[in-house]
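Participant: Before I ask anything, here is the structure I am working with.
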Amino acid sequence: MKKIFRVGIVGLLLLFTFVSAFAKQKVIKVWAFSDELKTYAKDFEAAHPDIKVEFTIIPNEEYPTKLRPVLRTGKGAPDIFLGEAAYVRKWVELGMWEDLSKKFKKDIIQYENQTPEYVAKLGSDNKGHIRAVSWQATPGGFFYRRALAKQYFGTDDPAKIEEMISTPEKFIAFGEKLRDASNGKVKLLAGYGEYENIAKGRRTQGWVNSNKELVIDPALIKYMDTAKALRDKNITAKTSQWTPAWFAGFSNGEIFGYVLPTWGLHYVIKPNAGDTAGDWAIVRGPAPYYWGGTWLGIYKKSKVKKEAWEFIKMLCIDEDYQYQYAKKVGDFMSNTKVDEKLAAEAGDPFLAGQNHYEFFLREAKFIKGGLETSYDLDLNSLFGNAVLNYVNGDMTKDEAIADFKKQVKNAFPRLIVK
1 MKKIFRVGIV GLLLLFTFVS AFAKQKVIKV WAFSDELKTY AKDFEAAHPD IKVEFTIIPN
61 EEYPTKLRPV LRTGKGAPDI FLGEAAYVRK WVELGMWEDL SKKFKKDIIQ YENQTPEYVA
121 KLGSDNKGHI RAVSWQATPG GFFYRRALAK QYFGTDDPAK IEEMISTPEK FIAFGEKLRD
181 ASNGKVKLLA GYGEYENIAK GRRTQGWVNS NKELVIDPAL IKYMDTAKAL RDKNITAKTS
241 QWTPAWFAGF SNGEIFGYVL PTWGLHYVIK PNAGDTAGDW AIVRGPAPYY WGGTWLGIYK
301 KSKVKKEAWE FIKMLCIDED YQYQYAKKVG DFMSNTKVDE KLAAEAGDPF LAGQNHYEFF
361 LREAKFIKGG LETSYDLDLN SLFGNAVLNY VNGDMTKDEA IADFKKQVKN AFPRLIVK
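Numbering of the sequence shown is given in full-length UniProt numbering, commencing with residue 1 and proceeding in unit increments.
Structure representation (structure tokens):
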């Protein structure tokens, strides 16, 4: 009887401890536009049983319109909200993210010391204070088929292929040679739009300067000519990104290469590569560039900022966890020390042993930071239309540029358009 009584008391004590711990749990609410951090959330809760993470996932196209009202009123607002590369400058300039440089100064200094400059700058305000941080960097490259390189250029050596396509002019000449050698069967790219991110990587100026003047960088004018040449010289398959024909090119042997960033390897190429594993390599094209990325910040009116920061810190600063996360998910991390460790390990069999971490680590150092503005998403879209009009022959280059300026003036009357 005494034994049963003691067991009962122990059970009650354990239950009381569990209930007490649960009752003391702090809840942090996270708003996101994808489920990519759900795996991390489980790891975080396991490491922090006193904190519960509630995720709200909103489709990307609805995310900005649903988030803005709750941030302004504070009603139902998240403690942490995410910003994709295309929107992160808008969120920074909206002023709803906590100033992390002031609130968590020591951690932010560590973050800045270990993170590529462009990643830190994208999440910084005009005073240089960090408002949002990222666990990933997303430099890009040119992924190509080794067998096609050997067949038509006599080598699949990344160093040699990289030199052959190191300028816009060389890139076009390479495509012409490929076209002629394959009798038009193999195209350099699926479509001219592939080249856009490379073109943006060649810029030295952002879309809008400090005087609120529209700036069209010479690299973008050059892009118009390159896009036109890619189409007119018949060295693309004339398809658009994310279409069935575009995806088919990864395995049918008719497309030489694709312009994609870090996440393109695991989430785009590998799932669509068919039996081509081991037949891929990656090099720089005519310029280093980045594409995409996700930043996290704390809502400035959150009542659980300390707990919210613990969530962000483990993912974006903790070196040990970042290494584990990279091994599990395959991301290229924002922590240079982690990437250096991964770059020293064995390469990826899919790339015939080439180590993509080593490649992206090199590229991240060359990406220019601080060019992005809150206007980029809209201006990139409008300029894309101008390029399309020129490539299709609907307008001359001068007409397309003039029409672009007109569209910008209509959309943003406060900008100075000359």
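Note that beta-carbon positions come from the ideal geometry of N, C-alpha and C, so glycine has one too.
Going by C-alpha to C-alpha distance, which of Q136, P218, V259 sits closest to E319?
Facilitator: Your numbering for residue 319 matches position 319 in the sequence shown. Nearest option by C-alpha distance: Q136.
Participant: Buried or exposed, going by whether 16 or more other CB atoms sit within 10 Å of the CB of P244?
Facilitator: Sequence index remark: in the sequence shown, residue 244 carries index 244 (1-based). Burial call: exposed.
Participant: Alpha carbon to alpha carbon, how far is G201 from D50?
Facilitator: Within the sequence shown, residue 201 is the residue found at index 201, counting from 1. Within the sequence shown, residue 50 is the residue found at index 50, counting from 1. Cα-Cα distance, rounded: 44 Å.
Participant: May I ask you to report which of helix, strand or coil DSSP gives W97?
Facilitator: Locating residue 97 in the sequence shown gives position 97, counting from the first residue. Three-state DSSP puts W97 in a strand.
Participant: What's the call for R203, buried or exposed, on a 16-neighbour Cβ count within 10 Å?
Facilitator: By 1-based counting over the sequence shown, the position of residue 203 is 203. Its Cβ being crowded by 16 or more others within 10 Å, R203 is buried.
Participant: For the segment 107-127 against the segment 88-95, do three or more pairs of beta-carbon atoms, one drawn from each stretch, fall closer than 8 Å, so that the two count as touching?
Facilitator: A contact exists between the segment 107-127 and the segment 88-95.
Participant: In this structure, what does DSSP give as the bridge partners for A281?
Facilitator: As a first step, residue 281 is located in the sequence shown; it is residue number 281 there, counting from the start. The partner list for A281 (beta bridge, DSSP) reads Y144.
Participant: Assign K351 to one of three DSSP states: helix, strand, or coil.
Facilitator: Looking up residue 351 in the sequence shown gives position 351. At residue 351 the sequence reads Leu, which differs from the Lys that was named. Reduced to three states, the DSSP call for L351 is helix.
Participant: Assuming F153 contacts Y258 under a Cβ cut-off of 8 Å, what Cβ separation, rounded to an integer in Å, is found between them?
Facilitator: Taking the first residue of the sequence shown as position 1, residue 153 is located at position 153. Taking the first residue of the sequence shown as position 1, residue 258 is located at position 258. So it is not a contact: roughly 17 Å between Cβ atoms.
Participant: Give the range of the alpha helix (DSSP H) segment to which W291 is assigned.
Facilitator: Taking the sequence shown and counting its residues from 1, one reaches residue 291 at position 291. Segment: none, W291 is in no alpha helix (DSSP H) and carries neither H nor E.
Participant: Suppose only complete runs of 3+ residues qualify. What are the beta strand (DSSP E) ranges in the segment 47-116, listed by chain order?
Facilitator: Runs of the beta strand (DSSP E) inside the segment 47-116: 51-57, 80-84.
Participant: Nearest by alpha-carbon distance to D279: which of K270, S166, L220, P286 is it?
Facilitator: Within the sequence shown, residue 279 is the residue found at index 279, counting from 1. Closest option to D279, Cα to Cα, is K270.
Participant: Please say whether V391 and R231 have beta carbons closer to each other than 8 Å?
Facilitator: Counted from its first residue, the sequence shown places residue 231 at position 231. Counted from its first residue, the sequence shown places residue 391 at position 391. In this structure, V391 lies closer than 8 Å to R231 by Cβ.
Participant: Would you be able to state if there are at least three C-beta pairs under 8 Å between the segment 110-123 and the segment 333-348?
Facilitator: The segment 333-348 is in contact with the segment 110-123.
Participant: Residues in the same chain with beta-carbon distance under 6 Å from V417, minus the five sequence neighbours each way, listed in chain order, please.
Facilitator: Taking the first residue of the sequence shown as 1, we reach residue 417 at position 417. Hits under 6 Å: L214, K405, V408, K409.
Participant: Rounded to whole angstroms, what's the CA-CA distance from D79 to E340? Just pull it up for me.
Facilitator: On the sequence shown, position 79 is the one that residue 79 refers to. On the sequence shown, position 340 is the one that residue 340 refers to. Taking the straight line from one Cα to the other gives about 32 Å.
Participant: Between the C-alpha atoms of L178 and I165, what's the straight-line distance to the nearest angstrom?
Facilitator: For the purposes of this step, residue 178 is taken as residue 178 along the sequence shown, with counting starting at 1. For the purposes of this step, residue 165 is taken as residue 165 along the sequence shown, with counting starting at 1. If I take the Cα positions, the gap works out to 12 Å.
Participant: Exposed or buried, Y290, counting other C-beta atoms within 10 Å across all chains shown (16 or more means buried)?
Facilitator: Here residue 290 is taken as the residue at index 290 of the sequence shown, counted from 1. So Y290 ends up on the buried side.
Participant: Suppose contacts are defined by Cβ-Cβ distances below 8 Å. Is W246 in contact with T239 by that definition?
Facilitator: Here residue 246 refers to the residue found at position 246 of the sequence shown. Here residue 239 refers to the residue found at position 239 of the sequence shown. Yes, they are a contact pair.
Participant: Per DSSP, which one or two residues make a beta bridge with A32?
Facilitator: Here the question's residue 32 lines up with position 32 in the sequence shown. Answer by DSSP bridge pairing, in chain order: I57.
Participant: Expressed to the nearest angstrom, what Euclidean distance is found between the alpha-carbon atoms of E345 and D157?
Facilitator: The residue you call residue 345 lines up with position 345 of the sequence shown. The residue you call residue 157 lines up with position 157 of the sequence shown. Approximately 20 Å, taken between the alpha carbons.
Participant: Quick check on the burial criterion: 16 or more other C-beta atoms within 10 angstroms. Buried or exposed for T155?
Facilitator: Position 155 of the sequence shown, counting from 1, holds the residue named residue 155. It is exposed - the Cβ of T155 has fewer than 16 other Cβ atoms within 10 Å.
Participant: State the DSSP-derived secondary structure class of D398, mapped to helix, strand or coil.
Facilitator: Start at 1 with the first residue of the sequence shown, and residue 398 comes out as number 398. D398 falls in the helix class under three-state DSSP.
Participant: Determine the contact status of L377 and Y63, defining contact as a CB-CB distance below 8 Å.
Facilitator: Counted from its first residue, the sequence shown places residue 377 at position 377. Counted from its first residue, the sequence shown places residue 63 at position 63. No, the Cβ-Cβ distance between L377 and Y63 is not below 8 Å.
Participant: Using CA atoms only, rank isn't needed, just tell me which of R72, T65, L265 is closest to F33.
Facilitator: The residue labelled residue 33 in the question sits at position 33 within the sequence shown. The shortest Cα separation from F33 among R72, T65, L265 belongs to T65.
Participant: Is it right to say G191 is buried, meaning 16 or more other beta carbons lie within 10 angstroms of its own, or is it exposed?
Facilitator: Translated into the one-based positions of the sequence shown, residue 191 becomes position 191. It counts as buried.
Participant: Do you know how far the Cα of K170 is from the Cα of V283?
Facilitator: As a position in the sequence shown, residue 283 is number 283, starting the count at 1. As a position in the sequence shown, residue 170 is number 170, starting the count at 1. In a straight line, the C-alpha of V283 is about 14 Å away from that of K170.
Participant: Helix, strand or coil: how does DSSP classify W309 here?
Facilitator: The residue given as residue 309 occupies position 309 in the sequence shown. W309 falls in the helix class under three-state DSSP.
Participant: When burial is assigned at 16 or more other CB atoms within 10 Å of the CB, is residue 420 buried or exposed?
Facilitator: Past the boundaries of the shown model lies residue 420; the chain is included only from 1 to 418, so the question cannot be answered.
Participant: Looking only at C-alpha atoms, which of G83, L82, A120, R131 sits nearest to S101?
Facilitator: The count along the sequence shown starts at 1 and reaches residue 101 at position 101. Ranking G83, L82, A120, R131 by Cα distance to S101 puts R131 first.
Participant: With DSSP collapsed to three states, give me the class of residue 422.
Facilitator: The question about residue 422 has no answer here: the residues shown for the chain are numbered 1 through 418.
Participant: If you measure between the beta carbons of G206 and L342, is that distance less than 8 Å?
Facilitator: Taking the first residue of the sequence shown as 1, we reach residue 206 at position 206. Taking the first residue of the sequence shown as 1, we reach residue 342 at position 342. Taking 8 Å as the Cβ cut-off, G206 and L342 do not qualify as a contacting pair.
Participant: According to DSSP, which residues form a beta bridge with P139?
Facilitator: Here residue 139 refers to the residue found at position 139 of the sequence shown. According to DSSP, which records beta bridges pairwise, P139 is partnered with Y290.
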